[in-house]
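Working notes, beginning with the structure itself.
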Amino acid sequence: MAPSQTKAISGGARQQGQPNGAAASSASGSKKFKTGQDPAQPPRLLDISADPLPAGMVSRAPKVYVFGAGRNEGDASMCDLLGGKGANLAEMSRIGLSVPPGFTITTAVCAEYNRLGNRDLPLGVWEDALVGLREVEAMAGLKLGDAASPLLLSVRSGAAISMPGMLDTVLNLGLNDLVVEGLAAKCGAAFAYDSYRRFMDMYGCVVLGMSHESFERELDAVKREAGVEKDNELDAERLRALCARFKGVYREAGLSFPEDPLEQMRLAICAVFDSWNSARAIKYREVQKIKGLRGTAVNVQAMAYGNMGDTSATGVLFTRDASTGENRLYGEYLINAQGEDVVAGIRTPEPIETLRERIPEAYDELLRNTRILEEHYRDMQDIEFTVQEGKLYMLQCRSGKRTGVAAVKIATDMVREGLVTKREAVNMVGADHLDQLLHPQFTEEAKGSGEVVATGLPASPGAAVGVVAFSTEEAEDLQSRGQPAILVRVETSPEDVGGMAAAQGILTERGGMTSHAAVVARGWGKTCISGATGIKVNEQDGVLECGAGRVYRRGDWVSLDGSEGKVYDGKLAVQAAKMTPEMEEFMGWVDEMRKLRVLANADTPEDAEKARENGAEGIGLVRTEHMFFKTEERLRSVRRMIMAADEAERRKALDEILVFQREDFEGIFRAMRGLPVTIRLLDPPLHEFLPEGKELEDLVGAISLETSVPRQEVLQRVEKLQEVNPMLGFRGCRLAIAHPEIARTQARAVLEAACNAQREGCEVFPDIMVPLVGSRAELANQERVIRQECESVMREKGTRVDYKVGTMIEVPRAALMAGQIAEHAEFFSFGTNDLTQMTMGFSRDDSAAFLNTYLAEGIIAQDPFQTLDAGVKELMEMAVKRGRKQRPDLKVGLCGEHGGDPASVKFCDSLGLNYVSCSPFRVPIARLAAAQAAVARMPL
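Number 707 in full-length UniProt numbering belongs to position 707 of the sequence shown; there are no gaps in the numbering.
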């Protein structure tokens with residue numbers, strides 16, 4: 001291992017007030033950090049390593065970075081190595097903010113730790129950590145384990161992607177029976193023993209796996225004996241007695257409290273690494289689809305104390321309102337507390353605005369810091385801070401999680417404020433944010449007539465209606481049975497993430513606007529009301545008591561209005577979300593940026609209208625078979641066509657089909673008003689249109705009676721339609737080649753509708769798409785039939801329509817033979833649902849049995865039916881290249897479910913496709929993804 005080395009950094013930091021970490025006057029009595037170096041010296045990074053090698057070669061990659069007191073280099077590009085928390089601590093220190101000194105053990109070490117089986121720190125890491133600790137001691141002017149000048153540490157996690165509350169933390173590390181006495185002599189016995197009891201509780205739970213309830217039981221007993229309700233009302237003697245009782249909790253568990261501070265630090269570091277693979281962290285990453293991270297970094301940092309009396313505090317804030325996006329500080333704090341108190345909901349926090357009156361100088365500095373951080377990162381920040389006897393310390397900053405409404409407003413406001421450009425603003429809003437904006441809200445009529453049974457903090461907006469559930473298991477069970485759930489808890493913890501993901505909304509008895517429930521709910525777009533006034537939650541018995549004697553039990557329905565913080569009795573009616581002015585402005589920028597067109601999959605005029613409202617530039621897929629299920633009359637006509645004994649009987653049924661398909665096509669053309677409409681001819685296996693059981697018997701009897709064909713003969717026709725592998729059977733172009741009258745009827749319906757709409761003054765551009773083609777001969781056959789019928793219709797109508805004939809590329813052979821197929825196709829549309837199924841050999845209907853295992857084992861990186869698989873991408877790339885070589889003006893799009901997946905949309909943009917098509921409700925998301933793909937290609 002190489003000796004420690006120092007890297008000098010060019011460029012100055014923004015300075016504000018006193019140099020970072022400089023010692024205050026000793027007359028104040030404050031225990032401040034000292035710099036340990038000349039503040040005029042350039043900031044630096046302590047990199048205890050040899051030169052970095054490629055990822056995975058952890059034995060020689062960087063392990064420990066020291067920050068604090070204005071002496072290190074750091075920036076957001078280090079996020080993958082240092083985690084978000086470590087990189088931002090480094091950066092805050094570099095730009096001149098007050099950051100307690102510390103060091104970060106990298107994510108590369110976590111990866112190696114896990115690879116080695118979580119037994120101990122990898123070779124050399126502990127030695128590096130000890131060197132880092134000596135640097136921190138020098139900067140702080142304190143020493144770990146020294147009773148005369150005790151240094152206490154926080155040991156905190158920090159992954160490259162924020163996972164709030166999912167990973168572990170240990171605070172006040174370094175205390176033992178000797179050190180606590182030294183700390184008491186310097187800072188007061190109440191403070192020292194309050195810190196000690198917190199450390200014993202947290203260390204036991206996080207590092208040794210002890211039950212938090214065991215410690216809580218002793219704390220409650222001491223508070224009862226003292227006749228107080230709050231933890232911070234206990235005096236020094238009671239806290240000293242509580243620490244002795246906590247030692248008894250260790251003995252009862254067959255454990256001993258570790259007195260050696262170095263042993264405490266080593267085991268705490270391992271515990272934070274272990275939390276990366278905790279059940280809650282794994283569930284969170286699964287829900288959030290977080291993949292590809294090496295693990296968590298560990299940040300070991302000198303403690304700043306928010307529990308040193310009435311001039312000390314700790315808090316969490318956002319630089320803008322995380323729910324609405326309003327440009328104001330949004331957060332909470334507690335006087336005489338530590339950080340875990342705020343997010344855990346143990347005490348009711350105060351709004352951040354009131355800190356101005358309680359500790360005005362710290363508030364003013366905090367306000368200046370928030371402006372500096374927004375200007376520096378050019379985004380809304382989530383900040384943790386501590387005020388120690390009037391002195392502000394910044395403990396964390398990161399890009400703040402926000403609701404969809406807030407994301408759009410913050411992006412548009414920051415453009416107007418000159419903080420970001422439109423291009424940058426487009427990247428500040430995610431697909432999940434737009435998804436939230438498209439969620440329904442309660443109707444005004446429903447809210448006016450609804451009964452409000454409780455109110456709380458509007459922690460995350462939106463409307464949620466569901467059945468009350470009191471645990472993760474109950475919420476997940478309701479979800480599995482197709483019932484919406486409202487998760488009701490006293491307060492949520494990281495162990496509840498599965499239930500929070502399964503629920504439509506979350507209601508908590510305790511907690512504030514920055515509690516665990518609030519932060520996670522906002523990040524996930526879940527409706528949430530926290531800290532509800534006057535409710536009582538009994539999780540064990542499954543009882544929710546609200547005001548006016550209202551009681552709800554498992555299975556009862558409630559409705560949550562997360563925008564107003566109101567809980568309503570029963571089910572309230574909801575309506576579609578409305579477009580805000582900021583949303584309209586933002587989507588205008590999106591459309592300015594993107595090159596890829598976004599169409600919609602729509603099967604009815606109503607769907608087409610909704611698609612157009614959401615910004616669709618046409619219809620990329622009309623599934624004609626879906627029209628057959630609209631009425632019972634239509635379904636009967638299709639069934640007669642399927643079960644026809646000969647062409648004459650089939651034509652009779654087709655004449656009926658022609659009428660309603662023409663009517664629907666006319667409605668779709670009118671809704672699109674001059675935009676392209678791609679109509680796929682009949683595709684699914686025919687037996688899908690037939691009922692089962694008694695309904696099938698009744699249908700056979702009716703057809704027998706109507707056609708005078710013996711019942712047994714009709715039944716035999718049905719049996720012939722059954723296939724061993726229907727998805728690869730008699731469907732698509734195969735059906736139309738065997739029965740060309742089906743293709744002729746559908747082509748006639750399209751062209752008659754187009755001629756009728758055009759005569760009304762509506763410009764139309766129909767594209768007729770042949771499904772399931774795998775060879776040039778198949779498409780040549782169908783192109784001839786379709787064009788003959790289209791020309792016949794236009795002669796009859798005396799008008800011309802600009803129509804195209806093309807095919808869906810959904811069979812792997814079609815991608816391979818794309819050059820030949822393009823001789824007869826004016827457009828390709830990738831049907832990636834079937835293309836994925838056939839390429840991978842995964843049945844969409846049956847793959848659920850093994851897909852989760854494949855994902856968990858890393859055999860595949862993502863669900864291939866949600867995000868395009870690499871093999872499917874390669875086939876698409878081949879088809880585009882070969883198809884356009886044959887026909888340079890070939891129009892190419894995608895119409896599978898992947899058309900609404902941002903990652904897949906970005907690939908389509910890179911491939912040079914003309915368009916993607918998705919469900920009407922995903923159109924804004926696809927537009928945003930296309931814009932972000934275009935921005936990524938723009939020169940800086």
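Idealized CB from N, CA, C, for every residue including glycine.
Asked: DSSP three-state assignment for residue 92, whether helix, strand or coil; Found: helix
Asked: Complete alpha helix (DSSP H) runs within the UniProt domain "PEP-utilising enzyme mobile" (484–565) (minimum length 4 residues, chain order); Found: 497–502, 516–524
Asked: Assigned exposure category for residue 428 - 16 Cβ within 10 Å defines buried; Found: buried
Asked: Straight-line Cα distance separating residue 856 from residue 371; Found: 42 angstroms
Asked: Assigned exposure category for residue 460 - 16 Cβ within 10 Å defines buried; Found: buried
Asked: First through last residue of the alpha helix (DSSP H) which encompasses residue 793; Found: 776–797
Asked: Status (buried if at least 16 other CB within 10 Å, exposed otherwise) for residue 211; Found: exposed
Asked: Strand pairing of residue 918, partner residues [DSSP]; Found: 600
Asked: Unbroken stretches of the alpha helix (DSSP H), 4 residues or longer, contained in the region 205–273; Found: 212–226, 236–252
Asked: Any 3 or more C-beta pairs closer than 8 angstroms across the region 577–594 and the region 637–647; Found: no
Asked: Three-way DSSP call (helix, strand, coil) for residue 647 in this model; Found: helix
Asked: Beta-carbon contacts of residue 571 that lie in its chain and below 7 angstroms, excluding the five residues immediately before and after; Found: 465, 557, 559
Asked: For residue 751 and residue 794, believed in contact at Cβ under 8 angstroms, the rounded distance; Found: 7 angstroms
Asked: Secondary structure of residue 447, DSSP reduced to three states; Found: helix
Asked: Host alpha helix (DSSP H) of residue 128 (start-end); Found: 125–140
Asked: For residue 162 and residue 278, the rounded distance between their alpha carbons; Found: 16 angstroms
Asked: CA nearest to the CA of residue 659, picked from 678, 684, 680, 633; Found: 633
Asked: Contacting residues, own chain, Cβ-Cβ under 7 angstroms from residue 250 (five flanking each side not counted); Found: 204, 256, 257
Asked: Three-state secondary structure assigned by DSSP to residue 413; Found: helix
Asked: Check whether residue 612 and residue 762 have beta carbons under 8 angstroms apart; Found: no
Asked: Sheet register partners of residue 830 (DSSP bridge); Found: 809, 894
Asked: With 16 other Cβ atoms within 10 Å as the buried cut-off, status of residue 200; Found: buried
Asked: Residue 668 beta carbon less than 8 angstroms from that of residue 598; Found: no
Asked: Continuous beta strand (DSSP E) stretch holding residue 331: start and end; Found: 330–335
Asked: Helix, strand or coil at residue 569 [DSSP, three-state]; Found: strand
Asked: Alpha-carbon spacing of residue 565 relative to residue 489, whole angstroms; Found: 16 angstroms
Asked: Contact the region 91–104 vs the region 388–405: 3+ CB pairs below 8 angstroms; Found: yes
Asked: For residue 36, three-class secondary structure by DSSP; Found: The predicted position of residue 36 is uncertain, since its pLDDT is 31 and thus under 50; a value taken from the coordinates is nonetheless stated next. Note: residue 36 maps to coil in three-state DSSP.
Asked: Residue 350 in three-state terms, based on DSSP; Found: strand
Asked: Where the beta strand (DSSP E) through residue 730 begins and ends; Found: Counting along the chain, residue 730 falls outside any beta strand (DSSP E), and DSSP gives it neither H nor E.
Asked: DSSP state of residue 769 mapped onto helix, strand, coil; Found: strand
Asked: Alpha-carbon to alpha-carbon, residue 506 and residue 139; Found: 44 angstroms
Asked: Cβ neighbour criterion (16 or more within 10 Å) applied to residue 953; Found: Lying before the first or after the last residue shown, residue 953 is absent from the chain, which here runs from 1 to 940.
Asked: Under 8 angstroms between C-beta atoms of residue 650 and residue 741; Found: yes
Asked: Three-state secondary structure (DSSP) of residue 899; Found: helix
Asked: Close beta carbons around residue 624, own chain, < 7 angstroms, minus the five adjacent residues each side; Found: 661, 679, 680, 681, 682, 746
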